[in-house]
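Each residue of the sequence shown is one higher than the one before, counting from 6 in our numbering.
In this text, a Cβ means the ideal position worked out from N, Cα and C, and glycines have one as well.
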Amino acid sequence: MEEDLISKKQLLELTGISYGQLYRWKRKQLIPEEWFIRKSTFTGQETFFPKDMILSRIDNIVNMKDGLSLDEMADKLSDKASFDRVSVSSAEIIERNIVSSVTLGKFGERLGVKNGYSFDQLTYLLAVDRLLSAGEMNMEEAELLFRTLMNKASNLESESWELFFIRKMGVSSFILAQAPAELWFDEGVKLVSKILSADVIEQLKGKLAFKLVE
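Written out as structure tokens, the structure reads:
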């Protein structure tokens, strides 16, 4: 399953930002250099971006820019440690629509939280919520995904992982692998969805930006 990319032209049209803003944010290191991907097309060389991550990052920048300078935003968005210190209550999760009340009600208590949810815990909840909200899995499959993330994600050597949701003959499975991962499946396997931790983390940073500008 190839990475979903968006062209520079599509990005500017979709977000309403200008060419100048985009490259100013790049110079300020608000948008990583490696996200600017040059590819050959029938019209020549074009610039593309990883779609989910760049859209989440631009949303983060727009939501934070009134409370922080560009340099301050660059420091906070590139430093996950700032978010690791964040604690979010159940009320804030619902009020800020970080995850749905269904996901929080079903899996929140299982985390044994007393004084607020951590960034890593919210990462697991958001990954589950994305597939549930998209209608790509049922509650039984959500249970399996939640257990997989809770029991296995911390065993990986880094926080960068990829999760593959597959079905074969009606049986669902989740494969959690260190990123970047390349997997090949036989013809009977349907790849339902693929989640990158980097995408989830970037989206979650945007949802928690209010914690950094309070």
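| Asked | Found |
| --- | --- |
| Do E171 and K195 have their CB atoms nearer than 8 Å? | Reading off the sequence shown, one finds Ile at residue 171, where the question assumed Glu. Going by C-beta atoms, I171 is nearer than 8 Å to K195. |
| For the alpha helix (DSSP H) containing T20, name the first residue and the last one. | 13-20 |
| Could you check what DSSP says for E114 in three-state terms: helix, strand or coil? | helix |
| Any idea if D80 is buried or exposed, counting beta-carbon neighbours within 10 angstroms, 16 or more meaning buried? | exposed |
| Do three or more CB pairs link the stretch 191-208 to the stretch 153-172 at distances below 8 Å? | yes |
| What does the alpha-carbon distance come out to for the pair A186 and F179? | 14 Å |
| Quick one: Cα of E97 to Cα of E145, how far? | 26 Å |
| Cα-Cα, which of I63, E18, D57 is closest to K31? | I63 |
| Put G193 into one of helix, strand or coil per three-state DSSP. | coil |
| If we require 3 or more residues per run, which beta strand (DSSP E) segments fall completely within the stretch 23-85? | 42-46, 49-55 |
| Quick one: residues in its chain with C-beta nearer than 7 Å to the C-beta of F112, no 5 flanking neighbours on either side, listed in chain order? | L130, V133, F151 |
| Just list the beta strand (DSSP E) runs in the stretch 123-210, keeping only unbroken ones of 3 residues or longer that don't cross its boundaries, in chain order. | 166-173, 176-183, 195-201 |
| Going by DSSP, what residues sit across from V275 in a beta bridge? | Residue coverage of the chain in this structure runs from 6 to 219, which leaves residue 275 outside it and unanswerable. |
| Once DSSP output is grouped into helix, strand and coil, what is the label at M6? | The predicted model places M6 with a pLDDT of 46, which falls under 50 and marks its position as unreliable, so this point remains unresolved. |
| With distances taken Cα to Cα, identify the nearest neighbour of S177 among A158, S163, L154, L149. | L149 |
| Here's a check: name, in chain order, each residue in its chain whose Cβ is nearer than 6 Å to the Cβ of F41, leaving out the five neighbours to either side. | T52 |
| So L17 packs on Y24, CB below 8 Å; how close in whole Å? | 7 Å |
| How is L109 classed by DSSP in three states: helix, strand or coil? | helix |
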